[in-house]
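Once you know that position 26 of the sequence shown is 268 in our numbering, the rest is easy, because the numbers rise by one and skip nothing.
These notes are about the structure you will find just below.
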Amino acid sequence: MESTDLVNYAVLNLNKDSFESLKKSLINKYIFFSVIDYNDVTEEILAEKICDYFEKVKLVSFYSFDGLLSYFNKNMNILVGGKISKISKKNPTPSRARRYYDRVGEIIKQKDVTVGQLLEYSRIMFCLYNSIIENNEDEITNFDYSLSTLNIEKIVNSIINGNKKIGKKINKISDILEVHSREIGVLVLVVVIMHKILDSRVLGEYYHE
């Protein structure tokens with residue numbers, strides 16, 4: 243997948259509130275404009291700038307966009323995987339949380355993941371992670387699939403606090419090399435994807451019980 247595939251789909255045609263929220267979440271934090279005024283940044287300009295950002299991540303970290311997606315998946319698995327109830331002799335029937343986690347895990351392993359599949363994977367992983375956070379970081383058997391419970395700032399802050407490598411990069415965000423590290427690249431990816439998910443409300447194919 244190319245960064246333009248995801249970014250153009252995710253950023254272009256956002257509703258006004260979602261777009262303004264995305265600008266606020268990225269500009270002067272991870273994405274910087276030296277000439278264009280904040281109020282003059284359109285969807286097209288921001289989408290192009292985000293794609294440029296991912297190209298710089300590739301140059302600095304040697305991670306292609308597909309490599310960054312794999313790193314995103316790895317980090318989400320670290321945060322989520324260990325908190326999903328496991329199958330055992332005592333409990334041989336997988337819980338609802340386990341069924342969803344295993345299903346999207348198979349999808350993301352495919353060679354050619356589509357934008358729709360990535361967004362559906364992300365929605366489920368974010369919802370699982372949100373339920374883990376709400377459960378005081380303890381193991382879960384069920385989870386809330388509703389988008390109304392998701393909060394971008396809470397998820398991003400929890401990812402930062404839950405990953406020491408990302409936390410260290412955040413502390414050095416003023417260094418341009420750190421801004422374009424794979425760790426910060428994952429945060430930018432999370433912010434972009436979450437805004438599209440919350441803007442769209444209904445995405446792709448859903449996995450039912």
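From the three backbone atoms N, C-alpha and C, an ideal C-beta is built for every residue, glycine too.
TODO: Would you identify the three-state DSSP class for Ile382, choosing helix, strand or coil?
DONE: In the structure shown, Ile382 sits in a strand (DSSP, three-state: E or B).
Open item on the list: Cutting at 8 Å between CB atoms, please list the residues of its own chain near Ile439, excluding the five before and the five after it.
Closed with: Result list for Ile439: Leu361, Ser364, Arg365, Phe368, Leu389, Leu392, Leu445, in chain order.
Open item on the list: Is it buried or exposed, Asn315, if we count other Cβ atoms within 10 angstroms and call 16 or more buried?
Closed with: Looking at its Cβ environment, which holds 16 or more other Cβ atoms inside 10 Å, Asn315 is buried.
- [ ] Check whether the Cβ atoms of Ile401 and Val433 lie closer than 8 Å to each other.
- [x] For Ile401 and Val433, no; Cβs fall outside 8 Å.
TODO: Counting only the same chain and skipping the five closest in sequence on each side, list residues whose C-beta sits under 8 Å from that of Lys265.
DONE: Result list for Lys265: Tyr280, Val283, Leu288, in chain order.
Task: Of the residues Tyr371, Gly347, Ile426, Asp441, the one placed nearest Val299, counting alpha carbons only - done: Selected option, being the one with the closest Cα: Ile426.
Task: Start and end residues, alpha helix (DSSP H) containing Ile273 - done: Note, Ile273: premise wrong, no alpha helix (DSSP H); not H, not E.
Task: Per-residue burial, Arg345 [other beta carbons within 10 Å of its own, 16 or more giving buried] - done: Arg345 is exposed by the Cβ-count criterion.
TODO: Write down the C-beta distance between Leu256 and His437 rounded to the nearest angstrom, noting that I regard them as a contact closer than 8 Å.
DONE: That pair is a contact at about 7 Å.
TODO: Could you pull out every residue in the same chain whose Cβ sits closer than 7 Å to the Cβ of Glu244, ignoring the five residues on either side in sequence?
DONE: Contacts found: Phe307.
TODO: Quickly, what does DSSP pair Phe287 with across the bridge? List them, please.
DONE: Going by the sequence as given, residue 287 is Ile instead of Phe. In the DSSP output, where bridge partners are listed per residue, Ile287 has none listed.
Open item on the list: Per the DSSP calculation, Ile326 is bridged to which residue(s)?
Closed with: Partner(s): Ile382.
Open item on the list: Which residue wins for smallest C-alpha separation from Leu321, given the options Asn250, Val421, Ile397?
Closed with: Leu321 has its Cα closest to that of Ile397, out of Asn250, Val421, Ile397.
Task: Buried or exposed (CB count within 10 angstroms, at least 16 for buried), Leu431 - done: Taking a 10 Å sphere around the C-beta of Leu431, we find 16 or more other C-beta atoms and assign the residue as buried.
Open item on the list: Against chain B, with Cβ distances strictly below 8 Å, would Thr356 count as a contact?
Closed with: Absent from the structure is chain B; it holds one protein chain and no more.
TODO: Would you please state the rounded distance, in angstroms, between the beta carbons of Val421 and Tyr272? I believe it to be under 8 Å.
DONE: About 6 Å separates the beta carbon of Val421 from that of Tyr272, a gap short enough to meet the 8 Å contact definition.
- [ ] Go ahead and label Ser373 buried or exposed: buried means 16 or more other beta carbons lie within 10 angstroms of its beta carbon, across all protein chains shown.
- [x] It counts as buried.
Open item on the list: Rounding to the nearest angstrom, what Cα-Cα distance links Phe385 and Asn377 in this structure?
Closed with: When the Cα atoms are used, Phe385 and Asn377 turn out to be separated by approximately 10 Å.
- [ ] Measuring alpha carbon to alpha carbon, tell me which of Tyr387, Ile326, Val357 ends up nearest Glu379.
- [x] For Glu379, the nearest C-alpha among the options comes from Ile326.
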